[in-house]
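For reference, the structure discussed in these notes is given below.
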Amino acid sequence: MLELQRNVIFGQFVETGSPIHQLDARIKLVAAALLVAASFLVDSFLGFAQLLPLVVLVQVVSRVPFSYVARGSSFFLGFLAFILVFQVFFYPGEVQESNVLWHWGFLSVSTEGLRFAAILGLRVLLIYYVTTMVMLTTPLVDLTNGLELLFRPLQRLRVPVNELVLVCVISIKFVPIFIAEMERLSRAYTARGVPFDEGGALTRARRIGRLLIPIVIGGFRRADLLTTAMDTRCYQGGRGRTKLRQLRATPADWLILLLIVVWVLAAWQLPDRLS
């Protein structure tokens, strides 16, 4: 039986009452953007080692169990490992013959390929972890308000910021709904004698593929219902709309953001002495 809700945490929110949960949503979004930018700018193992204490600190302060995050990332980690193996065997860059560790036909393992795959894996892991922690520690309302306030200057260029943010947030929050729907359908199939945890990988993939059509149809049905509900309530974007929850950044929030900026710059400037 599929247990996707335990193994996929993308788009979920976990309330622990930690200091990170109480941070201003705009501060968390800007800090996440800085760390995502750092994942592309940092090109050394020492740089990522510099960022590791910050990631550990966020994990500890957030009070979200690491076992919960690790279990919920099992599918993602398995897919990432599969991609990195291909990066090692099919490294696209130039390789010196002296750095080739293993070679057979068109497959080869080199130090350049191993380093490229390791850096790529660290970048993807950092991006995934940062975005996941933002959603785990930020309520949907605060996440929407924070994105609207950050992109509000674009409204002067007649960009529909409110509508775009709403669509983006709803798309993210639809992920747990689709996961729950897939798990419900798998249980219904299992009760009728079609187990999803038996057979080879191809057999399981074919059985899971049968769930895509009803899930897609159910998604369109939910989207149509949501649109009708919004039209019934005369939703017109952010024009003239007031907010019950106002975002206010404290001096402590700005200090935390400043520390993250300094931390990221320090990691960026570290040379790669391990290469």
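At the far end of the sequence shown sits residue 761, using our numbering, and the numbering has no gaps.
C-beta atoms are modelled at their ideal positions from N, C-alpha and C, and glycine is treated no differently.
What are the boundary residues of the beta strand (DSSP E) that residue i is part of?
| i | result |
| --- | --- |
| residue 504 | It is not in any beta strand (DSSP E) - residue 504 carries neither H nor E in the DSSP assignment. |
| residue 651 | Taken as a continuous stretch (DSSP letters only), residue 651 belongs to no beta strand (DSSP E), being part of the alpha helix (DSSP H) at 647-677. |
| residue 594 | 593-596 |
| residue 587 | 586-590 |
My understanding is that residue i touches residue j, with C-beta atoms under 8 angstroms, so please give their C-beta distance in whole angstroms.
| i | j | result |
| --- | --- | --- |
| residue 620 | residue 514 | 6 angstroms |
| residue 495 | residue 622 | 7 angstroms |
| residue 573 | residue 534 | Not quite, the Cβ-Cβ distance comes to about 17 angstroms (not below 8 angstroms), so this is no contact. |
| residue 497 | residue 661 | 4 angstroms |
| residue 630 | residue 647 | With 8 angstroms as the limit, residue 630 and residue 647 do not qualify as a contact, their Cβ atoms being about 11 angstroms apart. |
| residue 525 | residue 612 | 4 angstroms |
| residue 615 | residue 550 | That belief does not hold up - the Cβ atoms of residue 615 and residue 550 are roughly 11 angstroms apart, past 8 angstroms. |
| residue 617 | residue 715 | Contact doesn't hold; Cβ gap of about 28 angstroms is too wide. |
| residue 704 | residue 667 | 6 angstroms |
Which word fits residue i, buried or exposed, when buried means at least 16 other C-beta atoms lie within 10 angstroms of its C-beta?
| i | result |
| --- | --- |
| residue 722 | exposed |
| residue 710 | exposed |
| residue 760 | Residue placement at residue 760 is flagged as unreliable, the pLDDT there being 43, under the threshold of 50; the coordinate-derived value follows with that caveat. Exposed, by the Cβ-count rule. |
| residue 509 | buried |
| residue 512 | buried |
| residue 548 | buried |
| residue 538 | exposed |
| residue 596 | buried |
| residue 588 | exposed |
| residue 699 | exposed |
| residue 672 | buried |
| residue 599 | buried |
Since residue i is in the alpha helix (DSSP H), which residue starts that stretch and which ends it?
| i | result |
| --- | --- |
| residue 522 | 511-527 |
| residue 546 | 531-548 |
| residue 569 | 560-575 |
| residue 495 | Unbroken run through residue 495: none, as it is neither H nor E. |
| residue 712 | 698-718 |
| residue 626 | 626-636 |
From the DSSP output, in three-state form, read off residue i for me.
| i | result |
| --- | --- |
| residue 742 | helix |
| residue 732 | coil |
| residue 487 | Residue confidence is low: residue 487 scores 49 on pLDDT, short of 50, so the model does not pin down where it sits. Its coordinate-derived value is still stated next. Looking at residue 487 - three-state DSSP - the assignment turns out to be coil, as it is neither helix nor strand. |
Is residue i near the ligand FMN - that is, is its Cβ less than 6 angstroms away from at least one heavy atom of it?
| i | result |
| --- | --- |
| residue 658 | Ligands are entirely absent from the displayed structure, and the ligand FMN is therefore not among its contents. |
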